[in-house]
C-alpha cells in the first residue's frame, strides 16, 4: 500500500482561501487592507523570482503589496533607513527583506532593525524569543509553521507523538522543535533533534513516529532510515543534475520520495510540499499582523 | 560501584574563583567595578533569602551590589520606572528583578522592560531570541547554563551524545535544548525533550546517555528509568515532609538519588547540585556584561 501524499500545494490552496476571506472581512469591517512590503537589493534572479511569487500570491488574496527594489550597491544605512520608514508606515503590516543580501550588508542587523510587530518572516530575535519564553504574541517563522500546519491539516497532529527533526538550523530545526514542544495546538509532541554530529542518525530517525527532514542534502534519507508507518515531511529543495531531463536538472528533496513512500504511512513530496506552504505562512502572518492592528 | 558525584557546590566554588580574578582584572585594567542591582518587591521570606544569597555571593567576589527593596503595593509604573533608571545607570551591568512578583504586577512586562544588555538572568525575549537565532551576543539563562557547565567541567561534554531532557519549561527545558544543539562549546548534542504528555517517559529516559531532569516532581525518577552508565543531572529542588527529621522536612530533587547513583556513571545531587551553580551563572553573566561595557 502506498503512502498518503501530504500535498503542500493543496493545503496551501485551502489556507489561501481562508486568508482571502479574512482579508475581505478586514476591508469590510475595519476599512483596512493588509499591506506587505518586500525589499529587494540587487539583481539576483532567484531573489527576484521569489519576491515576485510572494507579491503575486499576496495580490491574489487582496493584500496590498509594495515592492521596493534597491541597487546592489545600496549602503547599510540606506537599507536601514528604508526599513525604518516601513516600520513607521501605518499602511504596511508586514516587511520582508529578501535574503541573501549582497556581501557588504549585514543581514542580522537588518533583521533586528525590522519592527517585531511587522517581522512577518518571524526571523527576528524578538519573535524567536517570544516563541521561546512563551511571552506575548509572536510571528512563527514560516517554514517551521508550514511543517506544523501540514501535519495538523493532514490528520497527523503531533500531540503525544515522537517527532524526530533532522537538522538543527536556526531557521528550521530549532524553532520547529520549540513550536512542537509548546502547550498549544500543533504542539505537545516529544521532540528529538539530530544533525550531522549525531553518531547514528539512521537509528534515531527510525525511532520517529513523525520524521521531519531539514538536513540540506539531496535525497539523503532512504527507506531503511524510516520506520514503517511513520509520517515524513521533507523540508529540502534541491536542483540536481539530470542529463535524462530536458532541462538538464530535476528538483528533489532531502528524502528519496519513491522508496520512502513505500514504507511511510504519509509523506510530503518536494517539490509541492513545504515550499508552497512557506509563502502561505508569510501571507498568514501578514494578515494576522493587520488583524492585530485593527484590534480584531 | 557507586557513581561519580557531580558536585555543583565544588564546581561553583571553582568558577567563583575564576570570576573573582576577572573582577580584579576589570578593576585593575579598566577601573571598572561590575555592578549588580537586585530588585525585591514585597515581603516574601524566600525571595528575601534568595536575593540575600545573590548579593552576598556578589560582594564576596568584588561585584558591587545594590539592593532595591520596594513595598508590596508598588505599582506597575513605579516598578517599570525603577527598571528604566537601572537600564540607564552606567554603574549597573546586571539587573535582577526577583520573581515571583505580587499578583498585581506583570512579570512578562518587567522582563521585556529590562535592557537586553543588562538582563543577566537571560530570561528576556531578546536574549532568548538571540540564543535561538544565533545572532549577536546573549546572556544564557542561568539554570540551563549551569547544567551545561556542570557537564563540561565534570568531564561529560555533551557533544555527539544523546541528551534527554525531562521537562519542556520556558525557563529550563526549552532553552537548555537550544543551548545543547548549538555549534559551540557545550553544544553539538543530539537532544530529546520529553514532558508530562510523553506517552512512555521511562522508555525515552532510558535511551539517554545524559539525562537532565527538570520535571518538577519530587523523586519521580527511579533507577529503572535510567540506563546503566548514564550521566544524570537533577534540576529539581523540593521540600518534602519528613517527620523523622528534626525540621519536619527534607530537601530533595526530581531524582531518587540513593537508588539512581547505583546505576548511573555520574550524578548531581540535590541539594548541592544545580542550585549553587545557578547563582554562579548569574554572577558570571554580570561579570561578562561589565567586561562587554569595558570593551574587553
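Residue numbers (my numbering), protein chains in the order written: chain E, 1 to 296; chain X, 1 to 296.
Ideal Cβ placement from N, Cα and C applies to all residues, glycine included.
Measure the alpha-carbon distance for residue i versus residue j and round it to whole angstroms.
i	j	result
residue 68/E	residue 40/E	6 Å
residue 111/X	residue 119/X	8 Å
residue 65/X	residue 94/X	9 Å
residue 152/X	residue 57/E	49 Å
residue 102/E	residue 196/X	46 Å
residue 186/E	residue 158/E	6 Å
residue 198/E	residue 115/X	37 Å
residue 29/E	residue 105/E	41 Å
residue 167/X	residue 71/E	49 Å
residue 16/X	residue 61/X	7 Å
residue 32/X	residue 283/E	49 Å
residue 97/X	residue 85/X	13 Å
residue 295/E	residue 137/E	13 Å
residue 154/X	residue 165/E	29 Å
residue 204/X	residue 100/X	33 Å
residue 262/X	residue 130/E	41 Å
residue 73/E	residue 47/E	16 Å
residue 181/X	residue 260/E	27 Å
residue 18/E	residue 179/E	22 Å
residue 121/E	residue 42/E	20 Å
residue 20/X	residue 201/X	42 Å
residue 139/X	residue 87/X	16 Å
residue 75/E	residue 134/X	24 Å
Do residue i and residue j have their C-beta atoms within less than 8 Å of each other?
i	j	result
residue 149/E	residue 11/E	yes
residue 163/X	residue 145/X	no
residue 175/X	residue 141/X	yes
residue 143/E	residue 171/E	yes
residue 266/E	residue 3/E	yes
residue 225/X	residue 206/X	yes
residue 277/E	residue 128/X	no
residue 280/X	residue 36/X	no
residue 6/E	residue 34/E	no
residue 8/E	residue 268/E	yes
residue 26/X	residue 291/X	yes
residue 117/X	residue 289/X	yes
residue 177/E	residue 177/X	yes
residue 113/X	residue 147/X	no
residue 216/X	residue 236/X	yes
How would you list, in chain order, the residues of chain X whose beta-carbon sits under 9 Å from the beta-carbon of residue i?
i	result
residue 159/E	197
residue 177/E	174, 177, 178, 181, 191 and 193
residue 186/E	Correct list: empty, because the minimum Cβ distance to chain X is about 13 Å.
Using a C-beta to C-beta distance shorter than 7 Å, which residues of chain E count as neighbours of residue i?
i	result
residue 170/X	132, 133 and 134
residue 281/X	Under the 7 Å cutoff, chain E gives no residues; its nearest Cβ is about 17 Å from residue 281/X.
residue 108/X	135 and 136
residue 204/X	190
How would you list, in chain order, the residues of chain E whose beta-carbon sits under 9 Å from the beta-carbon of residue i?
i	result
residue 125/X	116, 125, 126, 127, 128, 129, 130, 131, 132, 133, 135, 136 and 138
Would you mind telling me which residues of chain E sit closer than 8 Å to residue i, beta carbon to beta carbon, in chain order?
i	result
residue 147/X	In chain order: nothing, as chain E lies at least about 16 Å away.
Compute the minimum distance between the beta carbon of residue i and the heavy atoms of the ligand NAP, and state whether it is under 7 Å.
i	result
residue 248/E	Absence of the ligand NAP is noted for the structure shown, with no ligands found whatsoever.
What does residue i reach in chain X if we use C-beta pairs closer than 8 Å?
i	result
residue 111/E	133 and 135
Taking contact to mean at least 3 C-beta pairs separated by less than 8 Å, is the stretch 202-210 of chain X in contact with the stretch 227-238 of chain X?
-> Enough Cβ pairs lie closer than 8 Å, so yes.
Tell me the start and end of each unbroken beta strand (DSSP E) in the stretch 208-247 of chain E that is at least 3 residues and wholly inside, in chain order.
-> Restricting attention to beta strand (DSSP E) runs no shorter than 3 residues, the stretch 208-247 of chain E encloses them at 210-213, 231-234 and 238-241, ordered along the chain.
Should the stretch 211-227 of chain E be called in touch with the stretch 250-264 of chain E, which here means at least 3 C-beta pairs below 8 Å?
-> Under the 8 Å Cβ criterion, the stretch 211-227 of chain E counts as touching the stretch 250-264 of chain E, having at least three qualifying pairs.
The stretch 270-287 of chain X contacting the stretch 239-250 of chain X, beta-carbon criterion three pairs below 8 Å | Touching, no.
Which runs of the alpha helix (DSSP H), 4 residues or longer, sit entirely within the stretch 99-153 of chain X?
-> Within the stretch 99-153 of chain X, the complete alpha helix (DSSP H) runs of at least 4 residues are 107-113, 125-133 and 142-153.
Unbroken beta strand (DSSP E) runs of length 3 or more, entirely within the stretch 152-183 of chain E: which are they?
-> DSSP runs (the beta strand (DSSP E)) wholly in the stretch 152-183 of chain E: 162-166.
Whole beta strand (DSSP E) elements within the stretch 2-47 of chain E, 3-residue minimum = Annotation: the stretch 2-47 of chain E contains the following complete segments of the beta strand (DSSP E) (minimum length 3 residues), in chain order: 35-41.
Would you call the stretch 74-92 of chain X and the stretch 47-62 of chain X in contact, with 3 or more CB pairs under 8 Å?
-> Output reads no: the stretch 47-62 of chain X does not touch the stretch 74-92 of chain X.
Residue ranges of each alpha helix (DSSP H) within the stretch 259-288 of chain X, 4 or longer | Under the rule that a run must span 4 or more residues, no alpha helix (DSSP H) segment is found entirely inside the stretch 259-288 of chain X.
Whole beta strand (DSSP E) runs in the stretch 70-97 of chain E with 3 or more residues, listed along the chain?
-> Complete beta strand (DSSP E) runs here, min 3: 94-97.
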